[in-house]
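One structure is given below, encoded as structure tokens.
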Amino acid sequence: MKAVVISSFGGPEVLELSEVPEPPVGPRDVLIEVAAAGVNRADVSQREGNYPAPKGAPEWPGLEVSGTVAALGHEVSEFAVGDEVCALLSGGGYAERVSVPVEQVLPVPSTVSLVDAAGLVEVAATVWSNVFLLADLRAGETLLVHGGSSGIGTMAIQLARARGARVAVTAGSAAKLDACRKLGAEILINYKTEDFVGRLKAEGPGAHVILDSIGGSYLERNVRALAMDGHLLNIGNLGGTPGLLNFGPLMMKRGTIHATSLRARSAAAKGAIVSSLRENVWPLIESREVKPVIFARIPLAEAAEAHRLLESSSHIGKVVLTT
């Protein structure tokens, strides 16, 4: 089969469409004929040599796909050949076919196209596992999302609003902030011209939960922006710099800092998150309260262009690769 491989670590140009072996199908695996694959920042990090695939995962990138069930392991009864599904992966999504444990597979919601479902699972799993399962965001509380117009940001806004929370976002342009507003964000902060700490404090007690992919350079300000008993969730380090932490302010607020990742978790841990998604998030998608926000659909052979688009930060929502 064909897959997009990383010929050497470097820029987008190192992504090449190549022939690779067919994936094996274990007793509890589902073989998916891929319709589309989501493009994520983790894929960029892997291409650059900073985020290697976990042991046992394919070496080519791709953390989520949608497609049609092509074959089933002999112990799988939850799906049938021909079903339209989407799945959370440990890697290997930039390909024509992928094999994935059945626990990480979900049906495509009836309100979402097969291609667009490729941009659904990874962001929903990231937001749900962090903001709700870990930090327990509740109705009436405030969620601050850095990078509100990103794929993760657009999902976080919608899920928080659907659960009755108030949403604040940071973004770098009026167009991106307007997109966040249309999804339900109420506090819109242009990080280029406004101090998010001051704005959060002017609007109330601060953020009960902060979802941050910037990392070290935002650490001190994030702590100051927290409300009492608040949770700071670090899911990335796009800023690329370390941060200094004064424990005094964090202790005075009884604050908690969580640093998390999704990819390297066990199949059982991912399966638990996927099961919770099906129970709690999929009904919101079926009722159209939540939807994937797709910015571009790009052919698999042009994966390098998709990475250039992602790195430009000019997109709003998700980029997907179509087969």
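So in full-length UniProt numbering, spot 236 of the sequence shown is number 236, and the numbers just go up one at a time. The C-beta atom is built at its ideal place from N, Cα and C for all residues, glycine as well.
Alpha carbon of residue i to alpha carbon of residue j, nearest angstrom
i: residue 226; j: residue 34; result: 42 Å
i: residue 83; j: residue 303; result: 26 Å
i: residue 200; j: residue 285; result: 29 Å
i: residue 152; j: residue 184; result: 14 Å
i: residue 119; j: residue 68; result: 15 Å
i: residue 93; j: residue 64; result: 6 Å
i: residue 228; j: residue 205; result: 8 Å
i: residue 40; j: residue 249; result: 33 Å
i: residue 279; j: residue 272; result: 11 Å
i: residue 257; j: residue 59; result: 31 Å
i: residue 334; j: residue 138; result: There is simply no residue 334 to check, as the chain begins at 1 and stops at 323 in what is shown.
i: residue 251; j: residue 287; result: 41 Å
i: residue 223; j: residue 237; result: 16 Å
i: residue 193; j: residue 173; result: 10 Å
i: residue 263; j: residue 90; result: 5 Å
i: residue 14; j: residue 309; result: 15 Å
i: residue 28; j: residue 191; result: 46 Å
i: residue 96; j: residue 73; result: 18 Å
i: residue 129; j: residue 198; result: 28 Å
Where residue i falls, given that 16 or more other Cβ within 10 Å makes a residue buried
i: residue 166; result: buried
i: residue 81; result: exposed
i: residue 307; result: buried
i: residue 109; result: buried
i: residue 323; result: buried
i: residue 234; result: buried
i: residue 314; result: exposed
i: residue 182; result: exposed
i: residue 270; result: buried
i: residue 55; result: exposed
Simplified DSSP state of residue i, which is helix, strand or coil
i: residue 132; result: helix
i: residue 251; result: helix
i: residue 66; result: strand
i: residue 246; result: coil
i: residue 34; result: strand
i: residue 280; result: helix
i: residue 29; result: strand
i: residue 258; result: strand
i: residue 286; result: helix
i: residue 116; result: helix
i: residue 83; result: coil
i: residue 272; result: helix
Beta-carbon proximity list for residue i, same chain, < 6 Å, skipping 5 on both sides
i: residue 146; result: 170, 212, 214
i: residue 187; result: 168, 203
i: residue 247; result: none
i: residue 116; result: 292, 294
i: residue 208; result: 141, 142, 227, 230
i: residue 254; result: 229
Residues that DSSP places opposite residue i in a beta bridge
i: residue 212; result: 234
i: residue 157; result: Its beta-bridge partners do not exist; DSSP assigns none.
i: residue 142; result: 166
i: residue 150; result: 317
i: residue 2; result: 19
i: residue 180; result: DSSP lists no partner for residue 180.
i: residue 99; result: 31
beta-carbon residue i near the ligand MN non-hydrogen atom, thresh 7 Å
i: residue 315; result: Ligands displayed in this structure: none; no statement on the ligand MN is therefore possible.
Sequence-distant residues of its chain with Cβ nearer than 7 Å to residue i (five each side left out)
i: residue 122; result: 38, 40, 63, 64, 88
i: residue 42; result: 51, 63, 263
Contacting residues, own chain, Cβ-Cβ under 8 Å from residue i (five flanking each side not counted)
i: residue 131; result: 137, 143, 156, 159, 160, 209, 211, 233
Within-8 Å CB hit, residue i to chain B
i: residue 126; result: Looking for chain B here will not work: only one protein chain is present.
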